[in-house]
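Student: One gets the working numbering by counting positions in the sequence shown from 1 and adding 17 to each. We put the CB at the ideal spot given by N, CA and C, even for glycine. No experiment lies behind these values; they were computed from the predicted model shown.
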Amino acid sequence: MEKNAYLDAMGITRWKKATPQADILTILVNPLRLKEVDSPLFTTVLKFIGVDIEQCRFATRAEPSAKVIWDMRGKQAVAGEDCLVSAPINELEANADAKRALWGSMQAYMAQKAGK
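1) Looking at the secondary structure, which residues open and close the beta strand (DSSP E) in which R74 lies?
2) Applying the criterion that 16 or more other CB atoms from any shown protein chain within 10 Å of the CB defines a buried residue, is N21 buried or exposed?
3) Helix, strand or coil: how does DSSP classify W120 here?
4) Just list the residues that DSSP pairs L101 with in beta bridges.
5) Alpha carbon to alpha carbon, how far is K34 from V102? Give it in angstroms, no decimals.
6) Tell me the rounded alpha-carbon separation between G28 and G67.
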């Protein structure tokens, strides 16, 4: 009897080496804006910094092991060069100053990323 057929007959599954999944990136949003995640602005900004929106998930707070790519909780946001920081989506869509601030955050993020 063939080895694989014998294992199959016994109901034994063979071990397969796991393939690593792409990192899931987190976009932090204000809890009131969690349902407003279909704006084309997300796709445009993420594409500009080289991230596919399919790699991202939206959350209201960061888990300890989460890799935060964009913090858009407004006044609650924690500034840093390792992630984008901006106003909530409704302010970005309506306020030119909020867009300018996001652009500045994008430039700092990309400069930090290029330096690695």
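Tutor: Concretely, from the data shown:
1) Residue numbering aside, residue 74 sits at position 57 when the sequence shown is read from its first letter. Start and end: 73-76.
2) Sequence index remark: in the sequence shown, residue 21 carries index 4 (1-based). N21 comes out exposed.
3) Walking along the sequence shown from the start, residue 120 turns up at place 103. Reduced to three states, the DSSP call for W120 is helix.
4) One-based indexing of the sequence shown puts residue 101 at position 84. DSSP output for L101 lists W87 as bridge partner(s).
5) In the sequence shown, residue 102 corresponds to position 85, counting from 1. In the sequence shown, residue 34 corresponds to position 17, counting from 1. If you take the alpha carbons of V102 and K34, they lie about 38 angstroms apart.
6) Your numbering for residue 28 matches position 11 in the sequence shown. Your numbering for residue 67 matches position 50 in the sequence shown. Using only the alpha carbons, I get a separation of about 44 angstroms.
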